[in-house]
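Just below is one structure, and these are the notes that go with it.
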(Lines of atoms letter the chains of each structure in order from A and count residues from 1; the text may use other names and numbers.)
(Lines give C-alpha, C1' and ligand atoms only; values in the text may rest on other atoms or scores of the structure.)
Protein backbone atom coordinates (compact mmCIF):
# COMPACT_ATOMS: atom_id res chain seq x y z
CA UNK A 1 0.00 0.00 0.00
CA UNK A 2 1.36 3.43 -0.95
CA UNK A 3 1.49 6.32 1.49
CA UNK A 4 -1.28 8.05 -0.45
CA UNK A 5 -3.50 4.97 -0.26
CA UNK A 6 -2.88 4.66 3.47
CA UNK A 7 -3.73 8.33 3.88
CA UNK A 8 -6.98 7.81 1.99
CA UNK A 9 -7.93 4.91 4.26
CA UNK A 10 -7.33 7.01 7.37
CA UNK A 11 -9.25 9.91 5.83
CA UNK A 12 -12.29 7.67 5.31
CA UNK A 13 -12.00 6.47 8.91
CA UNK A 14 -11.85 10.07 10.14
CA UNK A 15 -14.95 10.99 8.14
CA UNK A 16 -16.83 8.00 9.55
CA UNK A 17 -15.86 8.87 13.13
CA UNK A 18 -16.94 12.46 12.58
CA UNK A 19 -20.30 11.35 11.25
CA UNK A 20 -20.80 9.01 14.20
CA UNK A 21 -19.88 11.67 16.73
CA UNK A 22 -16.94 9.61 18.05
CA UNK A 23 -14.75 12.67 18.35
CA UNK A 24 -12.58 11.23 21.12
CA UNK A 25 -11.23 8.75 18.53
CA UNK A 26 -10.72 11.30 15.75
CA UNK A 27 -7.27 12.77 16.34
CA UNK A 28 -5.16 9.82 15.26
CA UNK A 29 -6.77 8.92 11.91
CA UNK A 30 -7.28 12.56 10.93
CA UNK A 31 -3.73 13.62 11.78
CA UNK A 32 -2.31 10.54 10.08
CA UNK A 33 -4.38 11.12 6.94
CA UNK A 34 -3.31 14.75 6.69
CA UNK A 35 0.36 13.91 7.31
CA UNK A 36 0.44 11.11 4.73
CA UNK A 37 -1.25 13.24 2.07
CA UNK A 38 1.15 16.09 2.79
CA UNK A 39 4.28 13.94 2.54
CA UNK A 40 3.03 12.34 -0.69
CA UNK A 41 2.29 15.75 -2.23
CA UNK A 42 5.61 17.30 -1.26
CA UNK A 43 7.48 14.28 -2.61
CA UNK A 44 5.56 14.36 -5.90
CA UNK A 45 6.14 18.11 -6.18
CA UNK A 46 9.88 17.80 -5.54
CA UNK A 47 10.15 15.16 -8.26
CA UNK A 48 8.02 16.86 -10.90
CA UNK A 49 9.53 20.32 -10.38
CA UNK A 50 12.98 18.91 -11.10
CA UNK A 51 11.84 18.33 -14.70
CA UNK A 52 11.33 21.88 -15.91
CA UNK A 53 10.30 21.13 -19.49
CA UNK A 54 7.74 18.40 -18.91
CA UNK A 55 4.14 18.91 -17.85
CA UNK A 56 3.53 18.18 -14.22
CA UNK A 57 1.06 15.43 -13.28
CA UNK A 58 -0.32 16.92 -10.06
CA UNK A 59 -4.05 17.35 -10.36
CA UNK A 60 -5.85 20.67 -9.91
CA UNK A 61 -8.47 21.19 -7.19
CA UNK A 62 -7.52 18.21 -5.02
CA UNK A 63 -3.78 18.84 -4.65
CA UNK A 64 -4.11 22.26 -3.02
CA UNK A 65 -6.50 20.85 -0.42
CA UNK A 66 -3.67 18.68 0.92
CA UNK A 67 -1.79 21.86 1.81
CA UNK A 68 -4.93 23.45 3.23
CA UNK A 69 -5.40 20.41 5.46
CA UNK A 70 -2.09 20.95 7.23
CA UNK A 71 -3.08 24.59 7.71
CA UNK A 72 -6.42 23.68 9.29
CA UNK A 73 -4.41 21.67 11.85
CA UNK A 74 -2.12 24.68 12.45
CA UNK A 75 0.97 22.81 11.29
CA UNK A 76 2.73 25.93 10.07
CA UNK A 77 6.19 24.70 9.13
CA UNK A 78 4.76 21.93 6.97
CA UNK A 79 2.10 24.25 5.57
CA UNK A 80 4.64 26.84 4.47
CA UNK A 81 6.75 24.15 2.80
CA UNK A 82 3.68 22.79 1.06
CA UNK A 83 2.54 26.28 0.05
CA UNK A 84 5.87 27.03 -1.58
CA UNK A 85 5.68 23.77 -3.53
CA UNK A 86 2.05 24.50 -4.46
CA UNK A 87 2.93 27.91 -5.87
CA UNK A 88 5.88 26.47 -7.81
CA UNK A 89 3.63 23.77 -9.28
CA UNK A 90 1.12 26.42 -10.38
CA UNK A 91 3.92 28.53 -11.88
CA UNK A 92 5.19 25.53 -13.86
CA UNK A 93 1.70 24.72 -15.10
CA UNK A 94 1.25 28.34 -16.15
CA UNK A 95 4.56 28.36 -18.02
CA UNK A 96 3.96 25.15 -19.94
CA UNK A 97 0.25 25.19 -20.77
CA UNK A 98 -1.82 27.56 -22.90
CA UNK A 99 -4.67 29.34 -21.16
CA UNK A 100 -7.29 27.27 -22.98
CA UNK A 101 -5.91 24.16 -21.24
CA UNK A 102 -5.48 25.85 -17.87
CA UNK A 103 -8.96 27.37 -17.82
CA UNK A 104 -10.58 24.24 -16.40
CA UNK A 105 -7.62 23.22 -14.26
CA UNK A 106 -4.99 25.15 -12.32
CA UNK A 107 -6.18 28.39 -13.87
CA UNK A 108 -9.89 28.01 -13.19
CA UNK A 109 -10.10 30.65 -10.46
CA UNK A 110 -11.63 28.53 -7.71
CA UNK A 111 -10.03 26.80 -4.71
CA UNK A 112 -6.53 26.50 -6.22
CA UNK A 113 -6.35 30.21 -6.98
CA UNK A 114 -7.80 31.11 -3.59
CA UNK A 115 -5.31 28.99 -1.66
CA UNK A 116 -2.35 30.20 -3.71
CA UNK A 117 -3.26 33.82 -3.02
CA UNK A 118 -4.10 33.13 0.63
CA UNK A 119 -0.82 31.36 1.34
CA UNK A 120 1.15 33.95 -0.61
CA UNK A 121 -0.27 36.59 1.74
CA UNK A 122 -0.01 34.50 4.90
CA UNK A 123 3.63 33.49 4.39
CA UNK A 124 4.93 36.37 2.28
CA UNK A 125 5.63 34.14 -0.74
CA UNK A 126 6.18 36.01 -4.04
CA UNK A 127 4.03 34.75 -6.91
CA UNK A 128 3.33 35.69 -10.50
CA UNK A 129 0.51 33.13 -10.71
CA UNK A 130 -2.62 34.31 -12.47
CA UNK A 131 -5.79 32.31 -13.02
CA UNK A 132 -7.30 32.32 -16.49
CA UNK A 133 -10.68 33.18 -14.99
CA UNK A 134 -10.92 35.77 -12.20
CA UNK A 135 -11.13 34.39 -8.69
CA UNK A 136 -14.81 33.64 -8.06
CA UNK A 137 -16.59 36.32 -5.99
CA UNK A 138 -17.15 33.99 -3.03
CA UNK A 139 -13.43 33.36 -2.59
CA UNK A 140 -12.42 36.91 -3.47
CA UNK A 141 -14.58 38.16 -0.60
CA UNK A 142 -12.87 35.79 1.84
CA UNK A 143 -9.45 36.83 0.53
CA UNK A 144 -10.41 40.46 1.13
CA UNK A 145 -11.82 39.81 4.61
CA UNK A 146 -9.72 37.01 6.12
CA UNK A 147 -7.83 39.44 8.35
CA UNK A 148 -10.89 41.56 9.11
CA UNK A 149 -11.85 42.68 12.61
CA UNK A 150 -15.39 43.38 11.40
CA UNK A 151 -17.38 40.31 12.44
CA UNK A 152 -20.31 40.96 10.11
CA UNK A 153 -18.13 41.39 7.02
CA UNK A 154 -16.07 38.32 7.85
CA UNK A 155 -19.12 36.17 8.54
CA UNK A 156 -20.88 37.20 5.33
CA UNK A 157 -17.84 36.28 3.25
CA UNK A 158 -17.30 32.94 4.96
CA UNK A 159 -20.97 31.96 4.76
CA UNK A 160 -21.11 32.60 1.01
CA UNK A 161 -17.91 30.61 0.47
CA UNK A 162 -19.27 27.74 2.57
CA UNK A 163 -22.45 27.64 0.48
CA UNK A 164 -20.34 27.54 -2.69
CA UNK A 165 -18.25 24.73 -1.19
CA UNK A 166 -21.39 22.69 -0.57
CA UNK A 167 -22.61 23.31 -4.12
CA UNK A 168 -19.33 21.94 -5.50
CA UNK A 169 -19.21 18.91 -3.18
CA UNK A 170 -20.40 16.19 -5.53
CA UNK A 171 -19.17 13.22 -7.50
CA UNK A 172 -17.52 13.95 -10.81
CA UNK A 173 -18.60 12.60 -14.17
CA UNK A 174 -16.84 11.93 -17.45
CA UNK A 175 -17.61 15.51 -18.46
CA UNK A 176 -17.38 17.38 -15.16
CA UNK A 177 -14.79 17.49 -12.40
CA UNK A 178 -15.69 19.14 -9.11
CA UNK A 179 -13.47 20.80 -6.56
CA UNK A 180 -14.64 18.72 -3.62
CA UNK A 181 -15.12 15.16 -4.79
CA UNK A 182 -13.05 13.71 -1.93
CA UNK A 183 -14.95 12.74 1.22
CA UNK A 184 -12.41 14.42 3.50
CA UNK A 185 -12.82 17.72 1.63
CA UNK A 186 -16.58 17.56 2.01
CA UNK A 187 -16.52 16.90 5.75
CA UNK A 188 -13.61 19.26 6.45
CA UNK A 189 -13.69 22.35 4.17
CA UNK A 190 -9.97 22.83 4.64
CA UNK A 191 -9.65 25.99 2.55
CA UNK A 192 -12.06 27.76 4.93
CA UNK A 193 -10.85 26.08 8.11
CA UNK A 194 -7.36 27.26 7.14
CA UNK A 195 -8.65 30.82 7.36
CA UNK A 196 -9.78 30.29 10.95
CA UNK A 197 -6.45 28.68 11.82
CA UNK A 198 -4.49 31.54 10.25
CA UNK A 199 -6.54 34.08 12.18
CA UNK A 200 -5.75 32.18 15.37
CA UNK A 201 -2.05 32.10 14.42
CA UNK A 202 -2.03 35.86 13.86
CA UNK A 203 -3.87 36.70 17.07
CA UNK A 204 -6.94 38.08 15.31
CA UNK A 205 -10.34 38.02 17.04
CA UNK A 206 -12.16 34.72 16.84
CA UNK A 207 -15.50 34.97 15.07
CA UNK A 208 -17.86 32.07 14.56
CA UNK A 209 -19.00 32.17 10.95
CA UNK A 210 -22.61 31.24 11.61
CA UNK A 211 -22.29 28.35 9.13
CA UNK A 212 -22.27 24.78 10.44
CA UNK A 213 -19.99 23.54 7.66
CA UNK A 214 -17.19 25.62 9.18
CA UNK A 215 -18.11 26.13 12.82
CA UNK A 216 -18.80 22.46 13.64
CA UNK A 217 -15.40 21.08 12.55
CA UNK A 218 -13.49 24.14 13.76
CA UNK A 219 -14.80 23.62 17.28
CA UNK A 220 -13.16 20.19 17.14
CA UNK A 221 -9.97 21.09 15.28
CA UNK A 222 -8.96 24.05 17.38
CA UNK A 223 -8.61 21.69 20.37
CA UNK A 224 -7.64 18.48 18.56
CA UNK A 225 -5.21 16.43 20.69
CA UNK A 226 -1.76 15.63 19.42
CA UNK A 227 -0.77 12.02 18.72
CA UNK A 228 2.42 10.16 17.78
CA UNK A 229 3.14 10.09 14.03
CA UNK A 230 2.45 6.94 12.05
CA UNK A 231 5.62 4.79 11.71
CA UNK A 232 5.10 4.45 7.94
CA UNK A 233 4.92 8.22 7.51
CA UNK A 234 8.08 8.68 9.57
CA UNK A 235 9.98 6.03 7.61
CA UNK A 236 8.89 7.34 4.21
CA UNK A 237 9.73 10.94 5.04
CA UNK A 238 13.16 10.00 6.38
CA UNK A 239 13.89 8.09 3.16
CA UNK A 240 12.62 10.91 0.94
CA UNK A 241 14.68 13.53 2.78
CA UNK A 242 17.76 11.37 2.32
CA UNK A 243 17.20 10.62 -1.36
CA UNK A 244 15.68 13.91 -2.60
CA UNK A 245 17.57 17.04 -1.48
CA UNK A 246 14.85 19.35 -2.86
CA UNK A 247 12.18 17.81 -0.63
CA UNK A 248 11.16 19.96 2.31
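In the UniProt record's numbering, the protein residues as written are 1 to 248. Virtual Cβ for every residue (Gly too), placed ideally from N, Cα, C.
Annotation for residue 58: 41, 44, 45, 48, 89 place their beta carbon closer than 8 angstroms to its own, counting only its chain and skipping 5 residues before and after.
Annotation: the continuous alpha helix (DSSP H) that includes residue 137 extends over 137 to 145. For residue 108, there is no enclosing alpha helix (DSSP H), as DSSP marks it with neither H nor E. By the 16-neighbour rule on beta-carbons within 10 angstroms, residue 157 is buried. Between the beta-carbon of residue 161 and that of residue 138 there is about 5 angstroms, and that keeps the pair under the 8 angstroms contact cut. Cβ-Cβ separation between residue 217 and residue 193: approximately 6 angstroms, consistent with a contact (criterion under 8 angstroms). Setting aside the 5 residues that flank it on each side, residue 169 is surrounded in the same chain by 180, 186, each with a C-beta closer than 6 angstroms to its C-beta; the list follows chain order. In this structure, the alpha-carbon of residue 244 lies about 17 angstroms from that of residue 3.
Here the C-alpha atom of residue 201 lies approximately 18 angstroms from the C-alpha atom of residue 150. In this structure, residue 52 places its C-beta atom within 9 angstroms of the C-beta atom of residue 92. Excluding its 5 nearest sequence neighbours in each direction, residue 85 has C-beta neighbours in its own chain below 6 angstroms: 42, 45, listed in chain order.
Within the same chain, Cβ atoms closer than 6 angstroms to the Cβ of residue 164 are found at 138, the five residues on either side in sequence being excluded. Taken through DSSP and simplified to helix, strand or coil, residue 59 comes out as coil. Counting C-beta atoms within 10 angstroms of its own C-beta, residue 131 has 16 or more neighbours from the protein chains shown and is therefore classed as buried. Straight through space, the alpha carbons of residue 67 and residue 35 are spaced by roughly 10 angstroms. For residue 191, the enclosing alpha helix (DSSP H) stretches over residues 190 to 201. Apart from sequence neighbours up to five positions away, the residues of its chain that approach residue 147 with a beta-carbon distance below 8 angstroms are 199, 202, 204, ordered along the chain. By the neighbour-count criterion, in which 16 or more other beta carbons inside 10 Å mark a residue as buried, residue 238 falls on the exposed side. Going by DSSP, residue 234 is part of the alpha helix (DSSP H) stretching over 231 to 243. Contact check for residue 83 against residue 125 passes: the beta carbons are separated by less than 9 angstroms. In this structure, residue 74 lies away from residue 190, with their beta-carbon atoms at least 9 angstroms apart.
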